[in-house]
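Number of protein chains: 2
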Amino acid sequence: MGDRDAKDALFDGFAEVAKALANGRRAEIVDVLAQGERHVEDLADEIDQSVANTSFHLRALAAAGLVVTRRERTRIYYRLASERVGALWEALRDVSAAHHGRIDDLARAYLGERDELEQITRDELALRLDAGEVIVVDVRPEVEFAAGHIAGALSMPIDGLGRRLRHLPEGIEVVAYCRGPYCVFADEAVRLLRRRGRAARRLEDGFPEWRRSALPFEIGVAS
Amino acid sequence: MGDRDAKDALFDGFAEVAKALANGRRAEIVDVLAQGERHVEDLADEIDQSVANTSFHLRALAAAGLVVTRRERTRIYYRLASERVGALWEALRDVSAAHHGRIDDLARAYLGERDELEQITRDELALRLDAGEVIVVDVRPEVEFAAGHIAGALSMPIDGLGRRLRHLPEGIEVVAYCRGPYCVFADEAVRLLRRRGRAARRLEDGFPEWRRSALPFEIGVAS
DNA sequence: TACCTCCTCAAAGAATCTCTTGAATAATTG
DNA sequence: CAATTATTCAAGAGATTCTTTGAGGAGGTA
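Below, the structure written as C-alpha cells:
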C-alpha cells in the first residue's frame, strides 16, 4: 500500500485517458459524438479522414473507455460512454480557452470575427423561451436533432436554412444553436438571419451543455 | 471561415492541452499543485524524478498554460493557472474511474483494500462539522495545510500522526482528509485511528474538491 | 453458397515523446 | 566580483504515435 510503482501505475492510468483526448482528430470525434451516436463511415466523413484512420482513432477512444459501440445490421455505431465524457470534453475546452495562449486566435481563424455576433446564455434563453419571447432554431444536421434537442426548438439544418426561412414566424427574435461554443453552424445562421433583417442571436454553447445543465429537452424528429 | 485546416488547427489546440495531462508524472504534478504552489526541487522529490526531468515536465505544463510561475529569491514556484485546471483534473479522474477498465485495480493496488474504510461525503461532513459532531483532521504536509484547509480542521501531517494522537479530543468521531480520492494519507490515518479504537472515517475526496464546492475554508497555519 | 458492405487489422516510415546526462543560465550571497 | 543555489537547456537513445496502404474479417443479402 502506498508504494511508488503502484502510484506511478495509477497515475499512468489517468494519463491513458488524457492521451485518448490528446489528438485533434479524436477531439473532433468526441465533439461530434457528444451530439449522439454515429457510425464509422459517417464519422470519417465528418472529420475528413480515411475510414481506416478513423477506425484507428475510435479504437484508441474505446480502449480508454471513452466510447462504446453497438451493431445495427452492417454498421457499428459509436457513442460516448456517458455524460461524464461530455463533461470532461467541456472542461478541456474551458481550460484551453482560458489558458492556452493561441486558442482565441485559432477560434477566430475558424469561426470568423464574432464581435458583431450577439450571444445569449443558457439561463437567459431558458427564461425567454418559457415566456414565449423567442423562437429557437436547431441548425445541426437532422440526425443530431432527432437524437436530442432543446424542448420546443425547430429543426432547420444550416444546409437548407436559406430556403426554409420563410417558415419562421415573423416579429419574434430567433435564437440559433448547434453543437457547442466552437461550432460554426449557429454563427452562419445568425449572420444569414441578420442579413435578412431578422433579430437573431446564438446560444453561447450548444445542446450537450444544455442537456448537462438539466434544462428541458426532447428526443425524436419534429412533430 | 469554417474551413477544414482552421478546424483541425483549433482542435489540435485543444489536444495540446490534453497532451499536457497525458503523462503519469505530469498528472502527479497537477495533483500536488492542486493543493497549492510548490518549487521545482520539492516537486521532483514528490514525484520521485530528477530535477531536470521534473523541470522538463513543468515546462510542458506551462507551455499548455496549465501552470504559471512566480520567483521568490532563488526558487521558482509553480501553481495551477486557475481552479479550472483543478476542475479538469477532477473530471479526468471521474471519467477514468467510471470507464477505464483497470483504474479500480490500480487504485486498489496503490491504496489497499478500502472495503472496511468508511467514507463521508463533503455535504454530510459540512453538516456534521457545523453541528460540532465531528473533529476534522488534515493529514497533508503542513505547507499544504497552510495554503488552504477546511475551516476548523486540525493540521496533523500523517508523518507524525501517531505521536500527536493524544492531543485529539476524546469521545468524538474523527474525519481525516488529504489531497483527494486517490491520496493514501487519509486512508493510513483512518486505519491508524481505528487500530487505536477511535471512530474514524475519511472524506470521500480532498481539500481541492471541498474548496471548489464553495464550502468554508481557511488559509494560514494553525492558530 | 457466393457476394456485398462496413469495419478492423498489420506493416512500415516519419514524426513525436520520455528520460538521462552534462553543460549553461539567472538570481542571490559572500 | 566570484561563488553558490535553483532551475533550464541541449543532445541523444529508445519507445510510442500517426497516417497510409492493402489485406482480412464479420455480418447481411441474393
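Sequence lines, in order, name chains G and U.
Heads up: take any position in the first sequence, counting from 1, add 1, and you land on the numbering used here.
Heads up: take any position in the second sequence, counting from 1, add 1, and you land on the numbering used here.
Glycine included, each C-beta is placed from N, C-alpha and C at the ideal position.
Just so you know, these numbers come straight off a predicted model, no measurement behind them.
Remark: three or more beta-carbon pairs, one from each stretch, lie closer than 8 Å, so the stretch 195–203 of chain U and the stretch 169–176 of chain U are flagged as touching.
If you draw a 10 Å sphere on the C-beta of G66 (chain G), you find 16 or more other C-beta atoms in it, and that means buried. Here the alpha carbons of R195 (chain G) and D116 (chain G) stand approximately 14 Å from one another. By the neighbour-count criterion, in which a residue is buried when 16 or more other Cβ atoms sit within 10 angstroms of its Cβ, M2 (chain G) is exposed. Between Y111 (chain U) and K8 (chain G), the C-beta gap is smaller than 7 Å, which places the two residues in contact. Separation of the CB atoms of G14 (chain G) and S97 (chain U) is rounded to 6 Å, and the pair is thereby assigned contact status at 8 Å. The beta carbon of F146 (chain G) is closer than 7 Å to those of D139, S156 in its chain, skipping five residues each way along the sequence. Leaving aside the five residues that flank R94 (chain U) on each side, the residues in its chain whose CB is nearer than 8 Å to its CB run, in chain order, G181, P182, Y183. As a beta-bridge residue in DSSP terms, Y78 (chain U) pairs with U:H40, U:R71. The beta-carbon of S97 (chain U) is placed less than 7 Å from the nearest beta-carbon of chain G. Bounds of the beta strand (DSSP E) holding R203 (chain G) are 201–207. At least one C-beta of chain G is nearer than 7 Å to the C-beta of G66 (chain U).
Residues of the stretch 110–122 of chain U with a C-beta atom less than 7 Å from some C-beta of chain G are A110, Y111, L112, G113, listed in chain order.
Contact annotation for L11 (chain U) against chain G: L107, A108, Y111, Y183 [CB-CB distance below 7 Å, chain order]. In the DSSP assignment, A187 (chain U) falls within the alpha helix (DSSP H) that extends over 186–196. Straight-line spacing of the CA atoms in H100 (chain G) and P170 (chain U) works out to 45 Å. If only complete runs of 4 or more residues are kept, the stretch 57–137 of chain U shows the alpha helix (DSSP H) at 84–100, 104–112, 123–131, in order along the chain. Between the alpha carbons of R76 (chain U) and V222 (chain U) lies a distance of about 21 Å. Within the stretch 11–28 of chain U, L11, F12, D13, G14, F15, A16, E17, V18, A19, K20, A21, L22, A23, N24, G25, R26, R27, A28 place their CB atoms closer than 9 Å to a CB of chain G, listed in sequence order. Taken in chain order, the members of the stretch 60–94 of chain G whose beta-carbon sits within less than 7 Å of a beta-carbon on chain U are A65, G66, L67, A82, S83, R85, V86, A88, L89, A92, L93, R94.
CA-CA distance, A21 (chain U) to R85 (chain U), rounds to 15 Å.
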